[in-house]
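Input: a single structure, listed below in structure tokens.
2 protein chains.
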Amino acid sequence: MRQVADEPRMEADVIVVGAGLAGLTATRELTEAGWTVRLLEARDRVGGRLKGYQLGGGRVADLGGEYFGDKSTAIAEVARSVGVEGFRTFDAGQRLSFIEGRRYAYTGLFPWRMGPATLADFGQAVLKIERLAKTVPPESPWGAARASTFDSQTFWSWMQRNVATRTAKAFLTMAVEAAYCAHPADLSLLHVLYYANASGGFRYLLEISGGIQKYRFDGGAHSIPAKLAARLPDEVRLGAVVRTIEQRSDSVVVRGDGFTAHGRWAVVAVPLTLAGRIRYEPALPGFRDQLTQRMPAGSAMKCLAVYDEPFWRAEGLSGQVTSTDGPFRVAFDTSPREGRPGVLSAFVTGSAARKMTRLTRAERRAAVLDGLVRGLGPRAGRPADFVEQNWLDEEFTRGCYHGFAPPGVYTSFGPALRTPIGRIHWAGTETGVHQMGSMGGAIDSGRRVARELLARDADEFDPAAAIPAAVRRG
Amino acid sequence: MRQVADEPRMEADVIVVGAGLAGLTATRELTEAGWTVRLLEARDRVGGRLKGYQLGGGRVADLGGEYFGDKSTAIAEVARSVGVEGFRTFDAGQRLSFIEGRRYAYTGLFPWRMGPATLADFGQAVLKIERLAKTVPPESPWGAARASTFDSQTFWSWMQRNVATRTAKAFLTMAVEAAYCAHPADLSLLHVLYYANASGGFRYLLEISGGIQKYRFDGGAHSIPAKLAARLPDEVRLGAVVRTIEQRSDSVVVRGDGFTAHGRWAVVAVPLTLAGRIRYEPALPGFRDQLTQRMPAGSAMKCLAVYDEPFWRAEGLSGQVTSTDGPFRVAFDTSPREGRPGVLSAFVTGSAARKMTRLTRAERRAAVLDGLVRGLGPRAGRPADFVEQNWLDEEFTRGCYHGFAPPGVYTSFGPALRTPIGRIHWAGTETGVHQMGSMGGAIDSGRRVARELLARDADEFDPAAAIPAAVRRG
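Those sequence lines, one after another, are chains R and A.
The numbering used here applies: residue 554 is where the first sequence begins, and numbers increase by one.
The numbering used here applies: residue 554 is where the second sequence begins, and numbers increase by one.
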């Protein structure tokens, strides 16, 4: 970590706040176009919600985002450009599911032993969601024909009317908690449909081989931001916690403890909640600020249990364990490409995360291992290593996988999501269109802010006129 | 405003952040018990969401909170203690209501000309809400018998099933937008019931003479915090924007631009969103932080039109104008006790505020005056003075009247609302019990934190043990 206190006055065309995929992409695009950029990062690492863990022997695992699918064209392209290869997620053998206390072993998307009525009910619900999702345009969900109706209710309310059986409801709740890191009660139906459509479909979100979990990155997804950072002309300034962004008539001044950066423009590439925690001078219009008050991060922890080998594979098991009410909603085999060591990643999400975050670290470890033993037998209880990543506790993330919208937010405040305020432009996966909420959304947003800035004529810029009607102040 | 930069090292038993009613009450109670307190306020005034406006000739108006009722015992008692008198709200003459474009003149709670079916429908809905509200305990709404069901749906969803007629829905939506500053789509049903019960009843929230709007304060509600501040042993430190609160094993250090305050304990007495914008060292547990991400402030602006006299009174009108879709949801006669000058306060709340905040100041003025003219005739369009208070734009408030909960928040994160984290205790009307969300809730919360602190034995304090299980970290 380079000491920012030693840093002289920093100057660049653009000051970018946040060195996740969004900020790194914006910086890359702008520097390739010949602009100078200072990229500031609060942590001692780049990558944001992508974070690595050393398994020993040169092997690594991901403590944050790691999956992509055939529709994840943006992250695949960026990975290729820095020499990171994808490989197929391990997806052979039986899956295990604990649904309201009953154990099911199965292959495919859902346990057929749940019975034909439950299966038919779950199936029709997924089809309905799929059909509704297609009516929500990812570039402006608030513009959907039925946006107001979709945004006035929770997904839970929709389920009461559209899912008949208790077991299908429980299974769908589990799937949503795993994919959205929030309970159906928290989510606007509009957000559920928007994220599904932006991702490539609702079922696509849930699937492995046929979905967004089809591939992983050799060396870890977190190696992509690290390589992006290494190729930038200037070093990323780590440990730079931005506290204030001041806008002047012809410039921005970005300040933190012990540093000051001057630029013509600023890009804020952090989650909405964290963007709201920066102080702006002058203060941002209320219309923008109230949006940042209303898009909380999901609740997610990831726990990795490491074994000498993926012993479950020899027993004909995929390693996938799902549970409607256990300590995690889903665990996957996330062993490295070579298959050694064996790694299980337990995704403690939604209501599970909210319970588990209130326990001690030791209690959480015991609970997760209990859940794995329940599915995969006693060997699962004796890992060689165990690590947890509590994204709720991380000061510069404060939740995963992404920021979601409770009811009423997009239809009231949606237009503030991407609209620049004077010299400040907004990035981050929540502002992406293609694969909003995933790695692709971050890249999409980084490219968009770069395009926005390159299109601005600095010489003719009038900050007052630049505040669009959507968010202008009186 | 006293310059904080000149301030030597500040030391006290307790550092209180925020000089609204909550922080002032906590400071008053603690200093009366012999403790030393430093009260820090970001603005150049005390009072938070209570703010005054000079009408000239020594007369004043309130730009923020101003009403109270017979059940508002806490604010009435505090007002008396500083010599501020209440008086009856003007409530004679006909009320006007514009419901889906139609104009109604009436007396009582609702326009009887809406027709018997609509009236019966509205009446049964209010009774149902009243009955459900009584089942939600204000000290822990998440403990209600049906908390999970109430907290999984929006008030909009509840209305779809429980209000049959379109006009009753529109009228109820208007009432909720006026009382909660949010659209039914934004609100957890549980929050609607909780606020109603904590306030003294749902109908009580909507009524003037029989409700929480029965009285106002002579000299303005804002004169109460001013008088409270004047009686404290130490001056309130104005212009002190707190940026960081550091917890040590035996103390807290509260820092802002140009000042540092040392105490044994800290009280944070600002809205939840703003509490989340302070940086804490060590960082707060995720369980608490995610709550602060999830309780946005309502959307409210207040516009005052001032006339030589309240001309509407002579015409047999009360000055009350409500509208389901106009630029404000309700306007009231808020002339001073003496009846001169005439003042109309237009409450631009919920969806109205979200539209209006995106207009220019001139456009807003024109829209509000149009709405008043529509109700009260052309004289309403020629005020001697006009002032707007946009609470969304206020950096150190960011919305009014109070912070509300979308679905899923209280049942998941409710216990974090009042639970101290180490040496930091939480106040503010959102953490109050009696009249949560109003002036009474702020006082209630200030008294509670004072009790909490007085009950702690500083000598035997172990900060690790003091973090309760509800929010402890591993």
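No residue lacks a Cβ here, since even glycine has one placed at the ideal position from N, Cα and C.
Presumed contact (8 Å Cβ cut-off) between residue i and residue j, rounded CB distance
i, j, result
"residue 736/R", "residue 903/R", "5 Å"
"residue 871/A", "residue 886/A", "6 Å"
"residue 827/R", "residue 970/R", "No, residue 827/R and residue 970/R are not in contact; Cβ-Cβ is about 15 Å, not under 8 Å."
"residue 771/R", "residue 570/R", "With 8 Å as the limit, residue 771/R and residue 570/R do not qualify as a contact, their Cβ atoms being about 30 Å apart."
"residue 817/R", "residue 639/R", "No, residue 817/R and residue 639/R are not in contact; Cβ-Cβ is about 37 Å, not under 8 Å."
"residue 956/A", "residue 695/A", "Incorrect: roughly 16 Å between the Cβ atoms, too far for contact."
"residue 755/R", "residue 686/R", "6 Å"
"residue 939/A", "residue 918/A", "6 Å"
"residue 998/R", "residue 981/R", "6 Å"
"residue 738/A", "residue 709/A", "4 Å"
"residue 635/A", "residue 784/A", "7 Å"
"residue 613/A", "residue 606/A", "7 Å"
Identified DSSP bridge partners for residue i
i, result
"residue 856/R", "899/R and 941/R"
"residue 563/A", "814/A"
"residue 797/R", "808/R and 832/R"
"residue 733/R", "Paired residues: none, contrary to the question."
"residue 885/R", "898/R"
"residue 770/A", "639/A"
"residue 568/A", "591/A and 819/A"
"residue 725/R", "For residue 725/R, which the question treats as bridged, DSSP gives no partner whatsoever."
"residue 790/A", "593/A"
"residue 870/A", "647/A"
"residue 505/R", "Only positions 554 to 1027 of chain R appear in the structure, and residue 505/R is not among them; the question remains open."
"residue 720/R", "Paired residues: none, contrary to the question."
"residue 876/R", "651/R"
Cross-chain neighbours of residue i in chain A, by beta carbon under 8 Å
i, result
"residue 951/R", "839, 842, 843 and 846"
Proximal chain A residues relative to residue i, where beta-carbon distance stays under 7 Å
i, result
"residue 948/R", "836"
"residue 943/R", "839"
Residues that residue i contacts on chain R, provided the C-beta gap is smaller than 9 Å
i, result
"residue 990/A", "Residues of chain R passing the Cβ test: none, with the nearest at roughly 16 Å."
"residue 738/A", "701, 704, 705, 706, 741, 960, 961, 964 and 965"
Contacts that residue i makes with chain R (C-beta to C-beta distance below 8 Å)
i, result
"residue 850/A", "843 and 846"
Chain A contact residues for residue i, given Cβ-Cβ distances below 9 Å
i, result
"residue 830/R", "829, 830, 831 and 832"
Partner residues on chain R for residue i, Cβ-Cβ distance less than 7 Å
i, result
"residue 826/A", "846"
Short-range partners of chain R found in the segment 780-814 of chain A, where Cβ spacing is below 7 Å: Contact annotation: in the segment 780-814 of chain A, residues whose CB is within less than 7 Å of a CB in chain R are 796.
query: What residues in the segment 898-931 of chain A have a beta carbon less than 8 Å from any beta carbon of chain R?
result: Listed by position, the residues of the segment 898-931 of chain A near chain R (Cβ gap below 8 Å) are 904, 907, 910, 911, 912, 913, 914, 915, 916 and 917.
- request: Let me know the beta strand (DSSP E) ranges lying completely inside the segment 602-682 of chain A, each 3 residues or longer, listed in chain order.
  value: Taking only runs of at least 3 residues, the beta strand (DSSP E) segments lying wholly in the segment 602-682 of chain A are 605-609, 612-615, 639-641, 647-652 and 655-659.
field: Selection of the segment 698-712 of chain R by Cβ proximity to chain A, strictly under 7 Å
entry: Sequence-ordered contacts of the segment 698-712 of chain R with chain A read 704, 705, 706, 707, 709 and 710 [C-beta pairs closer than 7 Å].
- request: Please list the segments of the beta strand (DSSP E) lying wholly inside the segment 930-998 of chain A, counting only runs of 3 or more residues, in order along the chain.
  value: The beta strand (DSSP E) runs lying completely inside the segment 930-998 of chain A and spanning 3 residues or more are 938-943 and 977-979, given in chain order.
Entirely enclosed beta strand (DSSP E) segments - the segment 801-851 of chain A, minimum 3 residues: Listed in chain order, the complete beta strand (DSSP E) runs (minimum 3 residues) inside the segment 801-851 of chain A are 805-809, 812-821 and 832-834.
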